[in-house]
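Accompanying notes for the structure given below.
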Amino acid sequence: MSIDRTDGTSSTLPGQDLLAADAPDGIDRRAFLMRSAVIGATAVLTGCQPAGTDQKAALPTAAPPPPGSKLSPELEVVKKSKGPVMTTLEEFYKVGPGPSSSHTIGPMRITYDFYQRCTKLPADQLAKATALKVHLYGSLSATGKGHGTERAALAGIIGKEPATIDPAFLDELAAKPDQVFPVTLGSAAFNASLKDIIYDAPKGDFPHPNTMTCKLMAGDAVLLEQEYYSVGGGFIEWKGYTPPKKGQPKYPYATMKELQAHAEREKLTVAQVVMANEVAVSGKTEAEVNAFLDKISTAMVNIVKSGLAAPEATLPGPIKLKTKAGDVYRRALDDKYERQKGVGVVAAYALAGSEENARGHLVVTAPTGGSAGVLPALVYSIGEGGRKLPQQKIREGLLAAACVGYLCKHNATLAGAEGGCQAEIGVASAMGAALLSQAHDYPHQVVANAAESSLEHHLGMTCDPVAGFVQVPCIERCAYGAVKAWVGFLIASNEIPINRRVDFDTTVEAMALTAKEMNAKYKETSEGGLAVSLVLC
Ligand code: SF4
3 MSIDRTDGTS STLPGQDLLA ADAPDGIDRR AFLMRSAVIG ATAVLTGCQP
53 AGTDQKAALP TAAPPPPGSK LSPELEVVKK SKGPVMTTLE EFYKVGPGPS
103 SSHTIGPMRI TYDFYQRCTK LPADQLAKAT ALKVHLYGSL SATGKGHGTE
153 RAALAGIIGK EPATIDPAFL DELAAKPDQV FPVTLGSAAF NASLKDIIYD
203 APKGDFPHPN TMTCKLMAGD AVLLEQEYYS VGGGFIEWKG YTPPKKGQPK
253 YPYATMKELQ AHAEREKLTV AQVVMANEVA VSGKTEAEVN AFLDKISTAM
303 VNIVKSGLAA PEATLPGPIK LKTKAGDVYR RALDDKYERQ KGVGVVAAYA
353 LAGSEENARG HLVVTAPTGG SAGVLPALVY SIGEGGRKLP QQKIREGLLA
403 AACVGYLCKH NATLAGAEGG CQAEIGVASA MGAALLSQAH DYPHQVVANA
453 AESSLEHHLG MTCDPVAGFV QVPCIERCAY GAVKAWVGFL IASNEIPINR
503 RVDFDTTVEA MALTAKEMNA KYKETSEGGL AVSLVLC
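Letter 381 of the sequence shown, counting from 1, is numbered 383 in this note's numbering, and no numbers are missing.
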């Protein structure tokens, strides 16, 4: 089928091959054909190509999706779900460069870890070193370019630490990708560049969708090699990984129901249970834990402020997306309808944090980079950007939020590549609802209900970042996640708690099941949804 143009030429619809094809299983064929025709006609009429069709060839995200959500049973992230929650705050809230905890912070932590291992090799081996090589597989290969994975991986492999890196280094590397960096390992000196970060097979039977290998080379020989996995939320594992030794939690729990039983029996808040466990598992004092929480909340506040203060700009990448947090904030403040003002301001705070993430600037994983606009917006709105609750309430809120994230990680997933966006912004919103409830001194049942409500209304949400960039739908979706956290909190704090029909654990189970059954196209591969239907000019 072709369409005749007024200039006498004719054009074949880009969706032509789809029109001739069978609809995928489970999809109504008529709707499938209609959608294909609309995509094709849009392209002809506008002269633009849908992001997921012909233009894909020019984009870094054209690779086929990695295999489903099959995970190796050897991974700790799978095995750990059998015991009590052992995650600590420092493992969970991580500061690092955006835009993605699994595709930016995780890979940078991995290559930085490998660099550290290399420095510990015997001097005679190091003397032979000539190069460092990093291979990216699965989703890291399919969408890594849109996430800046190669820049983060290079920064780590030359010894830069995620939590302290100056974002200007990554900005500069994006602007001048041909830069070469000297590496010194023992007596060996050689150069490293983006050419050493290799986008390898996007599809294969990998232990995890985000698999990497790092190698220290001596000519063609391999001096040291390690396989790693970026398992979501900036967490990393490697082949043969054994978790670090930790203390036993004072109040062991693997479900919200078990946590609530401790709280009920001991007459504790959710935050008090989480604090007691943190002290027992990490070996830190309460004062040290509070100092860490203050560091995290300060980082979140600074992220929102710098996002609001940044001048309007076009974000990197083919979407040419304009930032808008500052505009939305200023106009929301001028809103003549007082009750709309709060919604607009919270949305602006979340846009600000998320735009900072999209710029590749520092973010706090809460639980991930893509969702990193949600919690800072809420922390700022109950702190100096709004309600001005005491710092102690913000600490307690962050503790309650953490246990919601822990449980989602423990019993489901935090990675868009495993579970779609329900696992990222859905979990962030649930954490936010718990934060708001705890910070306003509500009992454990309200905290659990608020988290449940916010998570429930993100179930099934797919991950389809356009062109592989954490911008559309991610940035606005953070604003929705933050506002939905307030809705979850308001419903839970105004209903009769024991009347709630759905409990948090049931919803986490539903998320895990949905993640398992979700088509791999909707798991951070940019092969489905908006990534295919949005027309990029
Ligand atoms: S769509 Fe959601 S899960 Fe996917 S990259 Fe964006 S924020 Fe993350």
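C-beta atoms are modelled at their ideal positions from N, C-alpha and C, and glycine is treated no differently.
Could you tell me which of Leu353, Met463, Thr244 sits nearest to leucine 2, measuring between CA atoms?
Residue 2 lies beyond the range of the chain shown here (3 to 539); nothing can be said about it.
Quick one: using the 10 Å Cβ neighbour count with 16 as the cut-off for buried, is leucine 187 buried or exposed?
Mapped onto the sequence shown, residue 187 falls at position 185. It is buried - the Cβ of leucine 187 has at least 16 other Cβ atoms within 10 Å.
Leucine 375 to alanine 403, Cα distance in whole Å?
For the purposes of this step, residue 375 is identified with residue 373 of the sequence shown, where counting begins at 1. For the purposes of this step, residue 403 is identified with residue 401 of the sequence shown, where counting begins at 1. The residue asked about is misnamed: residue 375 is glycine in this sequence, not leucine. Taking the CA atoms as reference points, glycine 375 sits about 14 Å from alanine 403.
List the endpoints of the continuous alpha helix (DSSP H) containing valine 348.
Position 346 of the sequence shown holds residue 348. Here the alpha helix (DSSP H) through valine 348 covers 340-360.
C-alpha gap between valine 1 and leucine 416, whole angstroms:
The question about residue 1 has no answer here: the residues shown for the chain are numbered 3 through 539.
Going by CA-CA distance only, name the one from Glu511, Gly140, Gln118 that's closest to glycine 462.
Residue 462 sits at position 460 when you count from the first residue of the sequence shown. For the residues Glu511, Gly140, Gln118, the minimum Cα distance to glycine 462 belongs to Glu511.
Please give the ranges of any alpha helix (DSSP H) in the stretch 232-274, keeping only runs that are unbroken, at least 4 residues long and fully inside the region.
If we require 4 residues or more, the alpha helix (DSSP H) runs fully inside the stretch 232-274 come out as 258-268.
Going along the chain, which residues of its own chain have a beta-carbon closer than 8 Å to the beta-carbon of alanine 125, five neighbours each way excluded?
As a position in the sequence shown, residue 125 is number 123, starting the count at 1. If we look at alanine 125 and ignore the five residues flanking it on each side, its Cβ neighbours are Gly188, Ser189.
Is the stretch 262-277 in contact with the stretch 399-414, if contact means three or more CB pairs nearer than 8 Å?
Yes, the stretch 262-277 is in contact with the stretch 399-414.
Give the secondary structure of leucine 134 by DSSP, where H, G and I count as helix, E and B as strand, and everything else as coil.
Taking the sequence shown and counting its residues from 1, the one referred to as residue 134 is at position 132. Collapsing the DSSP output to three states places leucine 134 in a strand.
Could you give the first and the last residue of the continuous alpha helix (DSSP H) run that contains proline 109?
Start at 1 with the first residue of the sequence shown, and residue 109 comes out as number 107. Taken as a continuous stretch (DSSP letters only), the alpha helix (DSSP H) holding proline 109 covers 108-121.
Using the DSSP secondary-structure output, state which residues sit across from glutamate 529 in a beta bridge.
Working through the sequence shown from its first residue, we reach residue 529 at position 527. Answer is none; glutamate 529 lacks a bridge partner.
Spatial neighbours of threonine 106 within its chain, please: CB distance less than 8 Å, with the 5 preceding and 5 following residues excluded, ordered by chain position.
Locating residue 106 in the sequence shown gives position 104, counting from the first residue. Excluding residues within five positions, the ones whose Cβ falls inside 8 Å are Gly98, Pro99, Gly100, His149, Gly150, Thr151, Ala154, Gly362, Gly371.
Starting from tyrosine 201, trace the alpha helix (DSSP H) both ways and give me its first and last residue.
Counting from one through the sequence shown, the residue named residue 201 turns up at place 199. That residue, tyrosine 201, is in no alpha helix (DSSP H); its beta strand (DSSP E) goes 199-201.
The alpha helix (DSSP H) enclosing asparagine 496, as first and last residue numbers
Looking up residue 496 in the sequence shown gives position 494. Taken as a continuous stretch (DSSP letters only), the alpha helix (DSSP H) holding asparagine 496 covers 476-496.
Contact check, alanine 414 vs methionine 513, beta carbons under 8 Å:
Numbered from its first residue, the sequence shown carries residue 414 at position 412. Numbered from its first residue, the sequence shown carries residue 513 at position 511. Going by beta carbons, alanine 414 and methionine 513 fall inside the 8 Å limit.
Which of helix, strand or coil does DSSP assign to glutamine 553?
The shown model of the chain, from 3 to 539, leaves out residue 553, and the question about it has no answer.
Outcome for lysine 122 when other beta-carbon atoms lying within 10 angstroms are tallied against a minimum of 16:
The sequence position of residue 122 within the sequence shown is 120, counting from 1. It counts as exposed.
How do the stretch 128-139 and the stretch 205-218 stand: do at least 3 beta-carbon pairs fall below 8 Å, yes or no?
Counting C-beta pairs closer than 8 Å gives three or more between the stretch 128-139 and the stretch 205-218, which meets the contact rule.
Quick check: the stretch 83-90 against the stretch 447-461, are at least 3 beta-carbon pairs closer than 8 Å?
With a cut-off of 8 Å on Cβ pairs, the stretch 447-461 is not in contact with the stretch 83-90, counting fewer than three such pairs.
Could you work out which residue in Asp173, Trp240, Gln393 is closest to proline 209 when comparing CA atoms only?
As a working mapping, residue 209 is identified with position 207 in the sequence shown. Put simply, of Asp173, Trp240, Gln393 the residue whose alpha carbon is nearest the alpha carbon of proline 209 is Trp240.
Could you spell out where the beta strand (DSSP E) holding proline 184 opens and where it closes?
As a position in the sequence shown, residue 184 is number 182, starting the count at 1. It spans 183-187 - the beta strand (DSSP E) in which proline 184 sits, taken as one unbroken run.
Alanine 533 to threonine 527 span [Cα, whole Å]:
For the purposes of this step, residue 533 is taken as the residue at position 531 of the sequence shown. For the purposes of this step, residue 527 is taken as the residue at position 525 of the sequence shown. Alanine 533 and threonine 527: Cα-Cα distance of roughly 9 Å.
Can you give me the Cβ contacts of alanine 59 inside the same chain, cut-off strictly under 8 Å, excluding the 5 residues immediately before and after it?
In the sequence shown, the residue the question calls residue 59 occupies position 57. Because alanine 59 sits at a pLDDT of 32, beneath the cut-off of 50, its placement in the model cannot be relied upon, and the following sentence gives the value as read from the coordinates. Answer for alanine 59: no residue qualifies.
Pick out whichever of His442, Ile498, Ile384 has its Cα sitting closest to the Cα of alanine 484.
Numbered from its first residue, the sequence shown carries residue 484 at position 482. It is Ile384 whose Cα lies nearest to the Cα of alanine 484.
In the DSSP assignment, the beta strand (DSSP E) including lysine 217 goes from what residue to what residue?
Within the sequence shown, numbered from 1, the residue matching residue 217 stands at position 215. Here the beta strand (DSSP E) through lysine 217 covers 213-220.
Between the beta-carbon of phenylalanine 237 and the beta-carbon of glycine 428, is there less than 8 Å?
In the sequence shown, counting from the first residue as 1, residue 237 sits at position 235. In the sequence shown, counting from the first residue as 1, residue 428 sits at position 426. No.
Would you tell me roughly how many angstroms separate the C-alpha atoms of alanine 265 and glutamine 118, rounded to the nearest one?
Counting from 1 along the sequence shown, the entry for residue 265 is found at position 263. Counting from 1 along the sequence shown, the entry for residue 118 is found at position 116. So the alpha carbons of these two residues sit roughly 42 Å apart.
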